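J.:
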Amino acid sequence: MKLSKILPLMLLMAVSSIGIAQKDKKSKKPLQTKEVKVVDSIRITKISDELPSTVVATVVKDSVIYNLQDIAIAREKDSLWLKEVYKSDLFDDIYSSVVNQEFEEVDYSELPTELLKQRLKELDARTPFNVEYNTSLESVIKHYLKNRRRSFERLMGLSEYYFPMFEAELDKHHLPLELKYLAVVESALNPRARSRVGATGLWQFMFATGKMFGLDVSSYVDERSDPIMATEAASKYLKSLNESFNDWDLALAAYNSGPGNVSKAIRRSGGKTNYWDLRRYLPRETAGYVPAFLATMYIFEYATEHGFEKQVARIPYVATDTIKVKQQITLEQVAKLTNLDMEELEFLNPSYKLGIIPVIKDENYVLRLPITAVGTFVNNEEAIYTFVQEEQEEAEKAAPELYEQPEKIRYRVKSGDFLGRIAERYGVGVSQIKNWNGMRSSNLRVGQNLIIYPRKMGQDIASNTQSKSNSSSEKTYTVRNGDSLWSISRKFPGVSVQNIKKWNDISGSNIKPGTKLKIYKG
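Letter by letter, the sequence shown follows residues -21 to -1, 1 to 501 in mature numbering (1 follows the signal peptide of the UniProt record, and there is no 0).
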C-alpha cells in the first residue's frame, strides 16, 4: 500500500480518536461528551483536555473501576511489560516440572512444616478438593517457592487477564472456581501452548477431544486456542469427569491422562478411590499432576503471605471488547491502522493461526481489541475495509512478479536478524514470510530455516530509498540489553515508536540486543 493512501486514513483515525469536543478554556465551557456504543455496559464518557489524543473511559465490573486513560498510558510506555508478560514462554518449564517432579525434601525455612499444615487445612475446608498434607505435596510447594518465584509472578500477571473470564464460565456451570488454577498447570496461561503430543491451548485439548466438545480446527482458526470457547469446553469436560468419578481429584487425574487410565488404576489398586493411594498406579505425568495443581492453588491463595509482587495486567479482560469483522482482515493490517502492537493483538486474538481473520458463512469470527481502540475502529470501519480491499488488489497485481521468479530459497536465520530486514532483502512482505512458514508471531531463533519466494526489487523501491537518503540523515542504532522501542525513540527528538517500526519494517515490539536499527533525522 502506497504511503499516499495510508496517510489520509491514519489521519482520519487519529482525528477520530481525538474527537470533536475539547474544552474552551477562555469561555470555561464544560467538556462535551462523545458517546460510543459498545457491549458490556462500557461507555466512553469524555475527551480529556490534558491528553487530547487519549480517550478517557471507565469500566465498572463487579464494583471494580478501571480507568482506561491510565491503561492506555501504561500500555504505551511499558513495552517491557508487554514483552515479559504477553510472551508466555513458561509452558515448557511447567510441563517439565510436572513430568520430572522428584518429590525430594526441599530446604526452605521460610515455610515451616507446621504453618504449611495449618494453611492446607484452611484450604481443604473451603474447597471441594482433597488438600491434605503429605511430604510429596510439601516438596512441590517448597520447590516452587524456592526456584520458580519469578515465573509465578509472571503467571500472576497473566492471571489478572484470564481468571475473571475463567471464573465467569466455571460459575455458569456450577463448578469450583479453584479449577481456574488448572489452566496454569496445563498451559502456563499460554493460549497457543502446544504439547509434544499435539494438545493445544489454555486447557490443552487434543484434536479429537476438542471436536467432541465443539472446538473446530481449520487452516485459519484453531478454536482450542480461543480462550472463551476453550474454557467453556473445559468446563463441560471437567463436569462430565466429576460426574463419572464423583471425586474432583480423580476428575483432575482423568483430565490429564484420560478416564481409562484412572479406571485402570482403580482396578490395579484393588478398588481404592483416593488419589494419593492410586498415584503409583497412574502414568508418571499424572502422578505429578494433582500435586502441581494443589501447589499452584496454595501459592496463588497465599501469594501475599509469601511476598509475591504481581505484574498487574495493563488490559483487564473487561477492558476489551469484540467486533464481528465484515471482511477478511489481517492482524497486521489492524495493527497498522489502530496503532496497536502486533504482540498485543496476537495476545488478544490467539486462535487465528496465520494472523488472518476470515469471513465464512455461519461462522462468528470476531476481532478483540482494547476498549480504547474499539471506538476508533467502529467509527472508521468503512475506511478500514476500503484500505484492506485496495491493499489486497495491489497484492494481486503484484502476483505476476512472483510467478516470474517462482524458485524458492531456504534462508537460515543469523544472529541479529529480524523479519523486516529479511523481507527487505528479498523484496517481499513480512506477512508473506509468516504465511509461507506458518508463523504465528514475528519471533525468530538463530539457526531457524525460512522458506522464501524472492522477487526482484522494483525501481520504485530504489528510488524511494534514494529520495529518503537525500532528505534526511540516516543513523544506525544498535539495540542494547534492556532497550525497548519506546526507550529508543526517547533518545532521538522527534522520533516516534511508529517511525522506528516503519523505517525497519517491524510489525511487533520485540527487539533483540545486537539488532541494527535505521533512524532517520531531519
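Heads up, the beta-carbon is just placed ideally off N, CA and C, and yes, glycines get one too. Being a predicted model, the structure only gives us computed values, none of them experimental.
Can you tell me which of the three DSSP states Pro206 falls into?
T.: Helix, per DSSP.
J.: Comparing C-alpha positions only, which one of Leu273, Phe287 and Asp300 sits nearest to Phe108?
T.: For the residues Leu273, Phe287 and Asp300, the minimum Cα distance to Phe108 belongs to Leu273.
J.: Counting beta carbon pairs with one atom in the stretch 130 to 146 and one in the stretch 254 to 265, are three or more of them shorter than 8 Å?
T.: Touching, no.
J.: Rounded to whole angstroms, what's the CA-CA distance from Ser236 to Leu398? Just pull it up for me.
T.: So the two alpha carbons sit approximately 39 Å from each other.
J.: Throw me the rounded Cβ distance for the Ile498 and Leu464 pair, which I believe falls under 8 Å.
T.: Actually they are not in contact, since the Cβ atoms of Ile498 and Leu464 sit about 11 Å apart, beyond 8 Å.
J.: So does the stretch 330 to 337 actually touch the stretch 199 to 216, counting three or more Cβ pairs closer than 8 Å?
T.: Output reads yes: the stretch 199 to 216 touches the stretch 330 to 337.
J.: For Pro262, does the three-state DSSP call read helix, strand or coil?
T.: DSSP places Pro262 in coil when its eight states are reduced to three.
J.: To which residues does DSSP link Ile431 through a beta bridge?
T.: In the DSSP output, where bridge partners are listed per residue, Ile431 has Ile388.
J.: In the stretch 296 to 320, which residue ranges form an unbroken beta strand (DSSP E) of at least 3 residues, counting only runs that do not cross its ends?
T.: Segments of the beta strand (DSSP E) lying fully in the stretch 296 to 320: 299 to 303.
J.: Tell me the DSSP bridge mates of Glu453?
T.: Answer is Tyr499.
J.: Taking the C-alpha atoms as reference points, what is the distance between residue 546 and Val409?
T.: Since the first residue shown for the chain is -21 and the last is 501, residue 546 is missing from the structure and cannot be characterised.
J.: Ordered along the chain, which non-local residues of its own chain (more than five positions away) have a Cβ less than 7 Å from that of Lys159?
T.: Here the set comprises Phe142, Phe145, Glu146 and Leu149.
J.: Would you tell me roughly how many angstroms separate the C-alpha atoms of Ala367 and Gln312, rounded to the nearest one?
T.: Residue 367 is actually Val in this sequence, not Ala. C-alpha separation (whole angstroms): 7 Å.
J.: Is DSSP giving Pro238 helix, strand or coil here?
T.: Looking at Pro238 - three-state DSSP - the assignment turns out to be helix.
J.: On the three-state DSSP scale, how would you describe Ile350?
T.: It is helical.
J.: Shortest alpha-carbon distance to Thr210 belongs to which of Gly250, Tyr364 and Leu168?
T.: The shortest Cα separation from Thr210 among Gly250, Tyr364 and Leu168 belongs to Leu168.
J.: For the candidate residues Asn414, Glu280, Glu117 and Met208, whose alpha-carbon lies nearest to that of Met135?
T.: Ranking Asn414, Glu280, Glu117 and Met208 by Cα distance to Met135 puts Glu280 first.
J.: Might you give, ordered along the chain, the residues of its own chain that have their beta carbon closer than 6 Å to the beta carbon of residue 504, omitting 5 neighbours on each side?
T.: Here the chain comprises residues numbered -21 to 501, so residue 504 is not present and cannot be evaluated.
J.: Tell me the rounded alpha-carbon separation between Val353 and Leu95.
T.: Those two C-alpha atoms are separated by around 47 Å.
J.: Identify the continuous alpha helix (DSSP H) that holds Trp482 and give its terminal residues.
T.: Unbroken alpha helix (DSSP H) run through Trp482: Val476 to Trp482.
J.: Rounded to the nearest angstrom, what separates Met191 and Ser198 at their Cα positions?
T.: Near 19 Å, if we compare the C-alpha coordinates of Ser198 and Met191.
J.: Count the other C-beta atoms from every protein chain shown that fall within 10 angstroms of the C-beta of Ser75, then say buried if there are 16 or more, exposed otherwise.
T.: Looking at its Cβ environment, which holds fewer than 16 other Cβ atoms inside 10 Å, Ser75 is exposed.
J.: Pull up the DSSP beta-bridge partners for Asp201, would you.
T.: Partner(s): Val196.
J.: Compute the Euclidean distance between the alpha carbons of Thr494 and Leu327, then round it to the nearest angstrom.
T.: If you take the alpha carbons of Thr494 and Leu327, they lie about 27 Å apart.
J.: Are Ser118 and Phe70 touching if we call contact CB-CB under 9 Å?
T.: Result no, Cβ atoms of Ser118 and Phe70 do not sit closer than 9 Å.
J.: How many angstroms separate the CA atom of Met185 from the CA atom of Gly177?
T.: Rounded to whole angstroms, Met185 to Gly177 spans 6 Å at the Cα level.
J.: Do you know whose CA, among Ile339, Lys413, Lys305 and Asn318, lies nearest Glu360's CA?
T.: Closest by alpha carbon: Lys305.
J.: How big is the Cα-Cα spacing for Lys413 and Ala233?
T.: Whole-angstrom Cα-Cα distance: 37 Å.
J.: Find out if the Cβ-Cβ distance for the pair Ile294, Val357 is shorter than 9 Å.
T.: In this structure, Val357 does not lie closer than 9 Å to Ile294 by Cβ.
J.: Straight-line CA distance for Thr355 to Lys218?
T.: Spanning the two alpha carbons is a distance of roughly 41 Å.
J.: In this structure, does DSSP put Arg133 in helix, strand or coil?
T.: In the structure shown, Arg133 sits in a helix (DSSP, three-state: H, G or I).
J.: Mind checking Val338: buried by the 16 CB within 10 Å criterion, or exposed?
T.: It is exposed - the Cβ of Val338 has fewer than 16 other Cβ atoms within 10 Å.
J.: Could you please give me the residues that DSSP links to Tyr331 through a beta bridge?
T.: In DSSP, Tyr331 forms a bridge with Val200.
J.: Work out the CA separation of Glu222 and Arg246 for me, nearest whole Å.
T.: The straight-line gap from Cα to Cα measures roughly 19 Å.
J.: Shortest alpha-carbon distance to Pro270 belongs to which of Ser88, Phe471, Gln97 and His122?
T.: That would be His122, whose Cα lies nearest to the Cα of Pro270.
J.: Please name the residue in Met321, Arg98, Trp182 and Tyr216 whose C-alpha comes closest to that of Arg347.
T.: Arg347 has its Cα closest to that of Met321, out of Met321, Arg98, Trp182 and Tyr216.
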